[in-house]
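K.L.:
There are 2 protein chains.
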Amino acid sequence: MVASQPAAPATRRDSHTVETLLSAAVEVFIVRGYDGTSMEDLAKAAGITKSSIYHHVAGKEELLRLSVTRALDGLFAVLGEPGAAEGRAVARLEYVVRRTCQELIENLPHVTLLLRVRGNTATEREALERRREFDHRVAALVAAAIAEGDLRAGLDPRLTSRLIFGLVNSMSEWYRPHAADHGAEADALADAVVGLLFDGLRARPEA
Amino acid sequence: MVASQPAAPATRRDSHTVETLLSAAVEVFIVRGYDGTSMEDLAKAAGITKSSIYHHVAGKEELLRLSVTRALDGLFAVLGEPGAAEGRAVARLEYVVRRTCQELIENLPHVTLLLRVRGNTATEREALERRREFDHRVAALVAAAIAEGDLRAGLDPRLTSRLIFGLVNSMSEWYRPHAADHGAEADALADAVVGLLFDGLRARPEA
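Put into structure tokens, the structure is as follows:
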């Protein structure tokens with residue numbers, strides 16, 4: 009039945025690497041949802057055949073795993089940096105919030121996909137587990153900063169950690185890089201988020 | 009071909025109102041995504057036939073419109089309340105943030121659906137337009153509160169409005185009502201959000 013089909017045109021020859029295929033796949037996952045994306049959709053978006061995709065990866069779940077692992081590794085790497093590991097807890101927390109904002113912006117597609125993961129596959133459940141672990145580490149930092157007297161005494165560490173990342177992660181809903189150098193943009197946004205979270209919106213008399 | 013199909017069982021008789029059908033549909037839209045939901049999915053979730061659904065509404069877009077309109081009408085009603093219309097801008101802003109948190113919690117499924125709308129249909133585009141109008145109204149309040157000297161002078165009103173609702177709306181990602189009386193829960197969460205946004209996390213010497 010398929011013997012008379014024309015050969016795939018030369019423009020569809022596979023010049024992809026795993027990296028370029030991953031970028032194309034993540035865009036489709038974000039627009040259509042991971043569950044709503046078929047291998048056919050991925051092949052169309054990448055401009056190659058389904059069987060070419062299987063030369064690079066075992067299937068769409070491997071692409072999801074590569075993406076969310078990259079986002080999560082970036083976030084956990086922040087916790088290992090000296091700014092997150094040394095000094096008063098409030099300074100470490102501030103460092104983590106600032107760097108998390110920057111990670112979100114530098115790694116926007118992967119972090120956006122991570123934030124949409126709902127737990128329908130083993131890969132998604134592992135990703136949610138690692139997100140929870142990250143939240144616990146930050147909640148512990150909040151608790152330590154309260155104990156050291158640097159954050160308000162009445163705060164609930166777990167709720168505070170949720171609200172902090174609710175704010176940080178919400179940037180993925182509207183942030184789109186404009187400048188060629190979006191490092192400066194990332195720094196300005198991180199400053200705004202850190203200022204809002206730590207000092208609030210209200211004007212105060214000069215200390 | 010279908011003449012020998014059995015009649016629908018009695019348990020599938022349609023006891024729905026538009027209201028109960030809407031509740032069922034919104035749950036499915038949130039889980040599967042609006043685009044990913046077929047009339048077949050809606051019929052299954054509601055336990056009635058597709059043609060019974062058409063007795064209540066013109067189709068799935070009408071169900072989406074009923075839901076997001078309810079969420080948006082609730083938010084805009086807040087702007088018309090005396091607490092949002094009278095007094096210093098900072099107090100009005102604080103009132104709007106608190107009431108928006110409460111609206112999100114009281115109206116959770118409809119607001120959650122509203123926040124997922126991406127603009128693929130006329131109904132979605134109108135909803136996004138009304139969300140933008142709401143953001144502009146709040147950005148104007150932020151600007152007024154800066155001008156009155158009650159909020160920090162360096163704030164960008166538009167970015168601030170986005171961050172405020174980023175934080176408020178993020179609660180829809182994790183909040184699930186526990187208590188029978190979730191009014192008290194809603195008030196406690198609204199207090200936490202207002203405290204974080206206006207006063208920040210940092211401990212301060214007593215005034």
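Same order as they appear, the protein sequences are chains Z and L.
When you read off a place in the first sequence, starting at 1, and then add 8, the result is the number in our numbering.
When you read off a place in the second sequence, starting at 1, and then add 8, the result is the number in our numbering.
The C-beta atom is built at its ideal place from N, Cα and C for all residues, glycine as well.
Which first and last residues belong to the alpha helix (DSSP H) in which Z/Asn177 is found?
P.N.:
It spans 165-182 - the alpha helix (DSSP H) in which Z/Asn177 sits, taken as one unbroken run.
K.L.:
Along the region 174-193 of chain L, where does the CB come closer than 8 Å to a CB of chain Z? Name the residues.
P.N.:
Listed by position along the chain: Gly174, Leu175, Asn177, Ser178, Met179, Glu181, Trp182.
K.L.:
Using a Cβ cut-off of 7 Å, pull out every chain L residue sitting near Z/Gly208, in sequence order please.
P.N.:
Correct list: Leu205, Phe206, Asp207, Gly208.
K.L.:
Return the chain-ordered list of same chain residues with a C-beta closer than 7 Å to the C-beta of L/Val176, the five sequence neighbours on each side being excluded.
P.N.:
Only Val105, Thr108, Cys109, Leu112, Val201 meet the Cβ criterion.
K.L.:
Residues of chain L with CB closer than 8 Å to the CB of Z/Val201, please, in chain order.
P.N.:
Going along chain L in sequence order, the residues near Z/Val201 (Cβ under 8 Å) are Leu171.
K.L.:
Per DSSP, which one or two residues make a beta bridge with L/Arg73?
P.N.:
DSSP, once it has assigned bridges, lists no residue as partnering L/Arg73.
K.L.:
Who does Z/Leu159 pair with in a DSSP beta bridge?
P.N.:
In DSSP, Z/Leu159 forms a bridge with L/Arg210.
K.L.:
Taking Cβ-Cβ distances shorter than 7 Å, what residues in chain L pair up with Z/Thr45?
P.N.:
Here the premise fails: no neighbours, minimum Cβ distance about 10 Å.
K.L.:
With 16 as the cutoff for other CB atoms within 10 Å, does L/Gly191 come out buried or exposed?
P.N.:
With fewer than 16 Cβ atoms within 10 Å of its Cβ, L/Gly191 is classed as exposed.
K.L.:
With distances taken Cα to Cα, identify the nearest neighbour of L/Thr131 among L/Pro185, L/Phe142, L/Glu27, L/Leu74.
P.N.:
With distances taken between Cα atoms, L/Thr131 lies closest to L/Leu74.
K.L.:
Give, in chain order, every residue of the region 46-58 of chain Z whose Cβ lies closer than 9 Å to some Cβ of chain L.
P.N.:
Under the 9 Å Cβ criterion, the region 46-58 of chain Z contributes no residue.
K.L.:
Using a cut-off of 7 Å between C-beta atoms, extract the partners of Z/Gly41 located in chain L.
P.N.:
Per Cβ cutoff of 7 Å: Gly41, Gly44.
K.L.:
For L/Glu102, name the three-state secondary structure that DSSP assigns.
P.N.:
Helix at L/Glu102.
K.L.:
Listed from N- to C-terminal order along the chain, which residues in the region 138-168 of chain L have their beta-carbon within a distance smaller than 9 Å of any beta-carbon of chain Z?
P.N.:
Answer in chain order: Val150, Ala153, Ile154, Gly157, Asp158, Leu159, Arg160, Ala161, Gly162, Leu163, Asp164, Leu167, Thr168.
K.L.:
In the structure shown, what three-state DSSP assignment does Z/His63 receive?
P.N.:
Z/His63 falls in the helix class under three-state DSSP.
K.L.:
At what residues does the alpha helix (DSSP H) containing Z/Asp49 begin and finish?
P.N.:
Its alpha helix (DSSP H) spans residues 47-54.
K.L.:
Would you identify the three-state DSSP class for Z/His190, choosing helix, strand or coil?
P.N.:
Looking at Z/His190 - three-state DSSP - the assignment turns out to be helix.
K.L.:
I think Z/Ala97 touches Z/Asp158, with their Cβ atoms under 8 Å apart; what is that distance to the nearest whole Å?
P.N.:
Their Cβ separation, rounded to whole angstroms, is 7 Å, which keeps Z/Ala97 and Z/Asp158 in contact under 8 Å.
K.L.:
Could you check how far apart the C-beta atoms of Z/Ile61 and Z/Ala51 are, in whole angstroms? I think they sit under 8 Å.
P.N.:
With 8 Å as the limit, Z/Ile61 and Z/Ala51 qualify as a contact, their Cβ atoms being about 6 Å apart.
K.L.:
Please work out which residues of its chain come closer than 6 Å, Cβ to Cβ, to Z/Thr168, disregarding the five sequence neighbours upstream and downstream, and give them in chain order.
P.N.:
The answer, listed in chain order, is Val150.
K.L.:
Below 8 Å between beta carbons: does that hold for Z/Arg145 and Z/Leu80?
P.N.:
No, the pair does not count as a contact, with Cβ atoms beyond the cut-off.
K.L.:
What is the DSSP secondary structure of L/Pro185, reduced to helix, strand or coil?
P.N.:
Coil.
K.L.:
Whose Cβ in chain L lies nearer than 8 Å to the Cβ of Z/Ala135?
P.N.:
Within chain L, no residue comes near Z/Ala135; the closest Cβ sits about 15 Å away, beyond 8 Å.
K.L.:
Go ahead and label L/Pro185 buried or exposed: buried means 16 or more other beta carbons lie within 10 angstroms of its beta carbon, across all protein chains shown.
P.N.:
The residue in question, L/Pro185, is exposed, as its Cβ has fewer than 16 Cβ neighbours within 10 Å.
K.L.:
Terminal residues of the continuous alpha helix (DSSP H) containing L/His118?
P.N.:
That run of the alpha helix (DSSP H) goes 116-124.
K.L.:
What separation, rounded to the nearest whole angstrom, lies between the Cα atoms of L/Leu30 and L/Phe206?
P.N.:
Their backbone Cα atoms lie some 37 Å apart in a straight line.
K.L.:
Ordered along the chain, which non-local residues of its own chain (more than five positions away) have a Cβ less than 7 Å from that of Z/Ala11?
P.N.:
In this prediction, Z/Ala11 scores a pLDDT of 49, lower than 50, which makes its location untrustworthy; no coordinate-derived value is stated.
K.L.:
For L/Ala33 and chain Z, any beta-carbon pair shorter than 8 Å?
P.N.:
Taking Cβ atoms only, chain Z never reaches closer than 8 Å to L/Ala33, which makes this a no.
K.L.:
What are the boundary residues of the alpha helix (DSSP H) that includes Z/Arg40?
P.N.:
Here the alpha helix (DSSP H) through Z/Arg40 covers 26-40.
K.L.:
How long is the line joining the alpha carbons of Z/Phe37 and L/Arg170, rounded to whole angstroms?
P.N.:
Distance between the alpha carbons of Z/Phe37 and L/Arg170 is about 25 Å.
K.L.:
Less than 8 Å between CB atoms is the rule here; does L/Ala97 satisfy it with respect to chain Z?
P.N.:
No, L/Ala97 does not count as interfacial toward chain Z.
K.L.:
Inspect the beta-carbon positions of Z/Pro165 and Z/Val34 and report whether they are closer than 8 Å.
P.N.:
Not in contact: Z/Pro165 and Z/Val34 (Cβ atoms no closer than 8 Å).
K.L.:
Taking 8 Å as the threshold (beta carbon to beta carbon), is Z/Ala198 in contact with chain L?
P.N.:
No, Z/Ala198 lies away from the interface with chain L (no Cβ there is under 8 Å from its Cβ).
K.L.:
List the residues of chain Z that L/Ala92 touches, going by C-beta distances under 9 Å, in chain order.
P.N.:
Here the premise fails: no neighbours, minimum Cβ distance about 17 Å.
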